[in-house]
Amino acid sequence: MNGFSTRALHDGQEPDPTTGAVVVPIFATSTFAQDGVGGLRSGYEYARTGNPSRTSLETTLASLEGGRHARAFASGMAAEDALLRGVLRPGDHVLIPLDAYGGTYRLISTVYCDWGVEYTAVDTADVDAVRAAIRPNTKILWCETPTNPLLGIADIAALGAVAREHELMLVVDNTFASPYLQTPLALGAHVVVHSTTKYLGGHSDVVGGALVTDDDALHETLGKMQNGMGAVPSPFDCFLTQRGIKTLAVRMERHSDNAERVADVLAAHPAITSVLYPGRADHPGHEVAAKQMRRFGGMVSVRVAGGEQAARHLCAATRVFTLAESLGGVESLIEHPGAMTHASAAGSLLEVPADLVRLSVGLEDADDLVDDLRRALDSLG
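This note's numbering numbers the first residue of the sequence shown as 29 and each following residue consecutively.
Following this line, the structure appears as structure tokens:
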């Protein structure tokens with residue numbers, strides 16, 4: 029198998045056989061001519077069912093995650109919905125992290141609970157707690173690592189063993205790490221979930237999602253969901269995502285470099301009570317993260333002395349860090365999860381601390397990022 033960057037640039041992206049174009053064309057078509065009734069030309073009939081731009085992206089995604097199959101969707105939440113709807117039935121039970129992405133929690137706790145699905149939030153870093161939470165009707169063990177927004181780390185291989193022991197499906201949301209830093213299928217996961225909006229796309233200009241698996245039967249089920257529900261990415265969305273993937277390796281190295289610098293500076297500042305970054309030796313999941321990740325990524329969360337008011341002030345006081353939701357783009361972002369991305373978890377076991385600030389550390393000059401944060405923190409008084 030070729031190296032990561034070679035696969036990111038070439039797998040699924042052969043030069044166009046007609047023109048020799050080295051970039052996969054944007055197939056802006058809704059339908060395809062057929063060679064006779066029922067005779068599909070190259071397997072395409074209607075763009076919801078399949079499009080060459082999407083096929084190319086899916087081939088690249090599967091290659092980077094080390095899987096046989098991938099399905100691309102219009103958003104990360106559309107991908108999650110397709111997986112859950114394809115696997116679960118009323119009366120089934122799901123285990124989710126205590127620190128799950130707010131959108132995942134909202135989808136399961138509202139849409140799927142109304143459908144008759146049950147869930148339990150559990151600390152996925154504690155394998156014994158996970159095992160104790162399994163019920164006879166448990167079907168899915170859902171894992172994020174690192175988690176959003178507390179940067180918790182779960183041992184994918186250990187959870188994979190538990191899943192096999194109890195015949196569960198282990199789903200790993202790999203959005204924070206990206207396939208450059210971590211490949212969950214190789215560690216025992218059954219399915220990998222991505223919001224391709226984030227590091228894979230990488231430029232804050234496209235929304236998308238993906239599912240990657242080695243399971244042939246599950247791949248067919250996901251294909252039925254993809255076609256039947258229709259939440260597919262446009263050809264242009266596929267093009268933008270694939271263009272972002274070409275530079276994923278070099279971007280993740282710079283994200284990691286900058287995040288490490290930011291985390292160390294923040295840890296030394298008196299206005300910060302805690303830095304949550306798995307690359308630091310004082311992080312409780314550091315050893316596990318070092319075992320299963322290439323590096324530690326671009327996400328850093330901090331808890332601010334002075335509580336919620338000070339955390340909100342910090343978010344409003346930066347100039348290089350933009351106050352905005354989302355993450356994983358080339359520009360640095362700052363947000364208050366309790367009031368923004370994770371507001372839906374308020375009042376639940378998944379409620380995030382009010383003094384928490386989440387940073388998506390981008391590709392700017394590290395000195396500028398550090399100076400911006402120091403100036404904002406010093407303004408807290």
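Virtual Cβ for every residue (Gly too), placed ideally from N, Cα, C.
Does A128 come out as helix, strand or coil in the three-state DSSP assignment? Sequence index remark: in the sequence shown, residue 128 carries index 100 (1-based). Residue state, collapsed to three classes: coil.
Length-filtered (3 minimum) beta strand (DSSP E) runs lying within the stretch 199-275
219-222, 237-241
query = What did DSSP end up calling I300 once you bin it into helix, strand or coil?
reply = Residue numbering aside, residue 300 sits at position 272 when the sequence shown is read from its first letter. In the structure shown, I300 sits in a strand (DSSP, three-state: E or B).
What does DSSP give as the partner residue(s) for A100 in the beta ladder? The residue you call residue 100 lines up with position 72 of the sequence shown. A238.
Exercise for the section: Identify, in the order they occur along the chain, each residue of the same chain with its Cβ nearer than 6 Å to the Cβ of P365, setting aside the five sequence neighbours on each side. Expected result: By 1-based counting over the sequence shown, the position of residue 365 is 337. Around P365: P177, V380, L384, R386.
| query | When burial is assigned at 16 or more other CB atoms within 10 Å of the CB, is C343 buried or exposed? | reply | Mapped onto the sequence shown, residue 343 falls at position 315. Burial call: buried.
| request: Could you check if G144 is buried or exposed, using at least 16 other CB atoms within 10 Å of its CB as the buried criterion? | output: Numbered from 1 along the sequence shown, position 116 holds the residue referred to as residue 144. G144 comes out exposed.
Take the Cβ of S70 as the centre, count every other Cβ of all protein chains shown within 10 Å, and call the residue buried at 16 or more, exposed below.
Counting from 1 along the sequence shown, the entry for residue 70 is found at position 42. It is exposed - the Cβ of S70 has fewer than 16 other Cβ atoms within 10 Å.
Check your understanding: Do T225 and G356 have their C-beta atoms closer together than 9 Å?
Key -> Along the sequence shown, read from residue 1 onward, the residue named residue 225 stands at position 197. Along the sequence shown, read from residue 1 onward, the residue named residue 356 stands at position 328. The answer is yes: Cβ separation under 9 Å.
- Could you spell out where the beta strand (DSSP E) holding E363 opens and where it closes? Walking along the sequence shown from the start, residue 363 turns up at place 335. Unbroken beta strand (DSSP E) run through E363: 361-363.
query = Secondary structure at A153, three-state DSSP: helix, strand or coil?
reply = Taking the sequence shown and counting its residues from 1, one reaches residue 153 at position 125. In this structure, A153 counts as coil in the three-state DSSP scheme.
Check: Given that a residue counts as buried once 16 or more other Cβ atoms are within 10 Å of its Cβ, and exposed if not, what is P80?
Finding: As a working mapping, residue 80 is identified with position 52 in the sequence shown. Burial call: buried.
- Message: Does the stretch 96-103 come into contact with the stretch 236-253, if we say contact requires no fewer than three beta-carbon pairs (one atom in each stretch) closer than 8 Å?
- Response: yes
Is it the case that the CB of N30 approaches a heavy atom of the ligand GDP more closely than 8 Å?
The model on display carries no ligand, and the ligand GDP is accordingly not part of it.
Checklist entry - Around the Cβ of D395, are there at least 16 other Cβ atoms within 10 angstroms (buried) or fewer (exposed)? => result Your numbering for residue 395 matches position 367 in the sequence shown. Exposed, because fewer than 16 other Cβ atoms sit within 10 Å of the Cβ of D395.
Minimum C-alpha distance to R331 - residue among D154, A291, F349 = Counted from its first residue, the sequence shown places residue 331 at position 303. When only C-alpha atoms are compared, the closest one is A291.
Given this structure, state the Cα-to-Cα distance separating L187 from G130, to the nearest angstrom.
Position 159 of the sequence shown, counted from the start, is the residue given in the question as residue 187. Position 102 of the sequence shown, counted from the start, is the residue given in the question as residue 130. Rounded to the nearest angstrom, the two C-alpha atoms are 22 Å apart.
Report the option in L169, A317, L276, A153 whose CA atom is closest to the CA atom of I136.
Walking along the sequence shown from the start, residue 136 turns up at place 108. With distances taken between Cα atoms, I136 lies closest to L169.
Minimum C-alpha distance to H283 - residue among G114, G180, H231, E336 | Position 255 of the sequence shown, counting from 1, holds the residue named residue 283. That would be H231, whose Cα lies nearest to the Cα of H283.
ask   = In the DSSP assignment, what are the bridge partners of S329?
value = What you label residue 329 is simply residue 301 of the sequence shown in a count that begins at 1. Partner(s): L304, R386.
What number of angstroms, rounded off, separates the C-alpha of Y227 from the C-alpha of G325? For this step, residue 227 is matched to residue 199 along the sequence shown. For this step, residue 325 is matched to residue 297 along the sequence shown. Roughly 10 Å between the two C-alpha positions.
message = In this structure, how does DSSP classify I168 when only helix, strand and coil are distinguished?
response = On the sequence shown, position 140 is the one that residue 168 refers to. Strand at I168.
Is V234 closer than 9 Å to D265 when the C-beta atoms are compared? Indexing the sequence shown from 1 puts residue 265 at position 237. Indexing the sequence shown from 1 puts residue 234 at position 206. Yes.
Quick check on M11: does DSSP put it in helix, strand or coil?
Since the first residue of the chain shown is 29 and the last is 409, residue 11 is not available in this structure.
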